[in-house]
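Worksheet: the structure to be examined is printed underneath.
Below, the structure written as structure tokens:
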């Protein structure tokens, strides 16, 4: 059932447009994803102009991933309590300032500091996108909104490497990478303008607005008229649960740091992470029993669609996020192709991913279980086909561009999973928990990405891929690492099949 396109909120007589809300929330995602997807291409230019060490360059990626993963859930929680639109704007402002800081960085240390600030900004506004889609869209409209989000992600991820590659090629190493970072600032400022103009700031009007008492009274009247209890709204009092936040952030940090940093004995932090997360779970349970609102209400995990789908997604991310890392390593180092060539190889994949995302959104609610199984199977077949075609390419029988043939249908699987999995995960999540649930889902994906990239690239290099190795060494690494990817996606497929059967039962 669709909701009316236009609506009003307590505390304002203005009519708000759901379509404009979607544009205002998705447009800044373009900025953030362009930045994330372009950084890999910029690293050689950054290293040469700043004279950075290998460890310094590694932290350009690792530091961002670490901080982003830590910030997501607390930011989603604060957005649920105070107001998602406000947190969205704050996150965008932080991200814009950090982009400017990155563009003028004079050392790898200052660049990494600005990258950490970027991660804070992205971590603050990202869960608000899911929360606001959950809040302002219902049923099929919500599924279509997630489909458009999938299209946005596909287009941005494809465009990032191309834009950065063109900037460096046209302007040179030093101006090229700096202008790529600076480009995001005007995009972000435009996003802030759209947000201030088009987002309703509905909860902010009754929690921190100048006329909050009037807005709160209008809200209670509207809820009572609709037959709902307004006093049951989550976050009627500001309860940030600082202990819960610290414990969860500490647990996520201890899980991610062994996979994003390199130092001896780092994997011993993983048992400690389990202890900290166990303490967090106990704290949240006791905190709620004492009459408080915990940072994450554990009953969220009792929603089977949510728990199943975030686990399916995490297992998929263990493998699928490494596919293009392997492709870039194989093409650029093994076959000595340019970063621009690699970006062009991925363009058809991105195009079909966006189309698949929008197409599947229309069917996500009724056929979600089957679509996930089919999408994961498509990913597996595409990866196996990519391995197969790599052999004649390495032997010189086929041009490297032929690898785009099996990579292109991979976009079908990735596009469907991005749209359908999110819709299915959030379908039964209460609106009041939208930001927190979105933060949990994204955090699980970030952790899975960090672990998967570490495991898969370790297999790649252990199998013979290294600087100076013959093509057979790179081919062996490409084959073994992609088989590890297939194993992870097979595990995701098995769980998705179980979920589908439960839906049909």
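In our numbering, the protein residues as written are 192 to 696. Where is the CB? At the ideal position from N, CA and C, for every residue including glycine.
{"Item": "Reduced DSSP secondary structure (H/G/I, E/B, other) of residue 515", "Value": "helix"}
{"Item": "Reduced DSSP category for residue 198 - H, G, I as helix; E, B as strand; rest coil", "Value": "strand"}
{"Item": "C-beta contact flag for residue 245 and residue 530 at 8 Å", "Value": "no"}
{"Item": "DSSP bridge partner residues for residue 255 (one or two, in chain order)", "Value": "Paired residues: none, contrary to the question."}
{"Item": "Bridge partners - residue 271, DSSP secondary structure assignment", "Value": "The partner list for residue 271 (beta bridge, DSSP) is empty, contrary to what the question assumes."}
{"Item": "DSSP three-state assignment for residue 432, whether helix, strand or coil", "Value": "coil"}
{"Item": "Simplified DSSP state of residue 331, which is helix, strand or coil", "Value": "helix"}
{"Item": "Supposed close pair residue 325, residue 620 - CB separation, criterion 8 Å", "Value": "7 Å"}
{"Item": "Span of the alpha helix (DSSP H), counted from its first residue to its last, around residue 221", "Value": "209–241"}
{"Item": "Which of helix, strand or coil DSSP assigns to residue 491", "Value": "helix"}
{"Item": "Backbone CA spacing between residue 467 and residue 437 [nearest angstrom]", "Value": "10 Å"}
{"Item": "When 675, 330, 278 and 235 are compared against residue 512, the one with the closest alpha-carbon", "Value": "675"}
{"Item": "Three CB pairs or more closer than 8 Å across the segment 644–654 and the segment 663–681", "Value": "yes"}
{"Item": "Nearest-angstrom beta carbon gap, residue 508 and residue 341 [assumed within contact, 8 Å]", "Value": "Between residue 508 and residue 341 the Cβ distance is about 15 Å, and since that is not below 8 Å, they are no contact."}
{"Item": "Cβ pair residue 274, residue 403 closer than 8 Å", "Value": "no"}
{"Item": "At least 3 beta-carbon pairs within less than 8 Å: the segment 217–231 vs the segment 378–392", "Value": "yes"}
{"Item": "6 Å Cβ shell around residue 427 - same chain, five flanking residues per side excluded", "Value": "With a pLDDT of only 48 at residue 427, under 50, the local geometry of the prediction cannot be trusted, and the value read off the model is given with reservation. So the list is empty, once near-sequence residues are dropped."}
{"Item": "Own chain residues within Cβ distance below 7 Å of residue 673, not counting five before or after", "Value": "517, 574, 577 and 578"}
{"Item": "Minimum C-alpha distance to residue 440 - residue among 239, 623, 262 and 196", "Value": "262"}
{"Item": "Proximity of residue 543 and residue 634 at Cβ, strictly below 8 Å", "Value": "no"}
{"Item": "C-alpha gap between residue 201 and residue 312, whole angstroms", "Value": "29 Å"}
{"Item": "Bounding residues of the alpha helix (DSSP H) (the contiguous stretch that carries residue 368)", "Value": "364–373"}
{"Item": "Unbroken alpha helix (DSSP H) run spanning residue 571, endpoints", "Value": "555–585"}
{"Item": "Residue 344 versus residue 545 - alpha carbon distance", "Value": "8 Å"}
{"Item": "Straight-line Cα distance separating residue 659 from residue 557", "Value": "52 Å"}
{"Item": "Cβ neighbours of residue 487 in the same chain (closer than 8 Å, five flanking residues each side left out)", "Value": "264, 268, 435, 439, 475, 627 and 631"}
{"Item": "Exposed unless 16 or more other CB atoms sit within 10 angstroms - verdict on residue 303", "Value": "buried"}
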